[in-house]
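A quick write-up on the structure given underneath.
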Amino acid sequence: MKARASWDARSGKPEAGKKSHRRPKTISRREMLRERRRRERAGDVVEVVDYDRPVNRSQCVNGPRPCLYVSCKHHLYLDVNPETGSVKFNFPDKEVWELEQTCALDVAERGGITLEEVGEILNLTRERIRQLEVTALEHLKRDAKETELDAFVGWDPHRNDID
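Take the position in the sequence shown, starting the count at 1, then add 143; the result is the number in the working numbering.
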């Protein structure tokens, strides 16, 4: 596991030779609207450019990496809270093209990884990843009967002889 940076009290910068780490930054919908109005008053209008974003996995699986389609729900650069509309930048100190991993589906295809690796990919601590894992497993256990998830226990997705 990589150590968090030690900060120099005088300069406010990470000590030499230490890895820098910034916590994810969340911006509320209200803040985004204020910023948009401020830019419009200043004459700095952001132009929305249309582009053909992949619609499904087969269209992007062999696409260029790092993926620059941050609006995709599987992109690791930011998360949008559907209830509040707020945006969380998982890596506020990096640009999209600086990320090693940009697609959650690419990570899932690789197979199992450690909590430390998940934490590094999502910019969260190992302990926070463990807490999320426990919560997710509790939800799956609780909902297993009504959603018939228990039918998939022991099921091999690579098997061809499906009954």
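The C-beta atom is built at its ideal place from N, Cα and C for all residues, glycine as well.
Sequence-distant residues of its chain with Cβ nearer than 7 Å to residue i (five each side left out)
{"i": "His218", "result": "Cys210, Tyr212, Thr245, Cys246"}
{"i": "Ile264", "result": "Leu219, Gln244, Val250"}
{"i": "Met144", "result": "At Met144 the pLDDT is 38, less than 50, meaning the model places this residue with poor confidence and gives no usable figure here."}
{"i": "Leu248", "result": "Arg200, His217"}
Alpha carbon of residue i to alpha carbon of residue j, nearest angstrom
{"i": "Cys203", "j": "Arg165", "result": "29 Å"}
{"i": "Phe234", "j": "Glu289", "result": "37 Å"}
{"i": "Gly155", "j": "Glu241", "result": "Only weak support exists for where Gly155 lies, its pLDDT of 44 falling under 50; the value from the coordinates is given anyway. Going from the Cα of Gly155 to the Cα of Glu241 covers about 23 Å."}
{"i": "Val191", "j": "Ala294", "result": "46 Å"}
{"i": "Asp286", "j": "Thr278", "result": "12 Å"}
{"i": "Ile272", "j": "Leu176", "result": "32 Å"}
{"i": "Pro197", "j": "Asn266", "result": "26 Å"}
Proximity below 7 Å, CB of residue i to CB of residue j
{"i": "Val141", "j": "Ile170", "result": "What the structure shows of the chain is the stretch from 144 to 306, and residue 141 is not part of that stretch, so it cannot be assessed."}
{"i": "Leu258", "j": "Arg269", "result": "yes"}
{"i": "Gly228", "j": "Arg173", "result": "no"}
Residue span of the beta strand (DSSP E) that contains residue i, given as start and end
{"i": "Val230", "result": "230-232"}
{"i": "Ile170", "result": "168-170"}
First through last residue of the alpha helix (DSSP H) which encompasses residue i
{"i": "Val250", "result": "247-253"}
{"i": "Asp222", "result": "Note, Asp222: premise wrong, no alpha helix (DSSP H); beta strand (DSSP E) at 221-223."}
Sequence-distant residues of its chain with Cβ nearer than 8 Å to residue i (five each side left out)
{"i": "Arg182", "result": "Val188, Val189"}
{"i": "Arg208", "result": "Thr245, Cys246, Asp249"}
6 Å Cβ shell around residue i - same chain, five flanking residues per side excluded
{"i": "Asp236", "result": "Arg165"}
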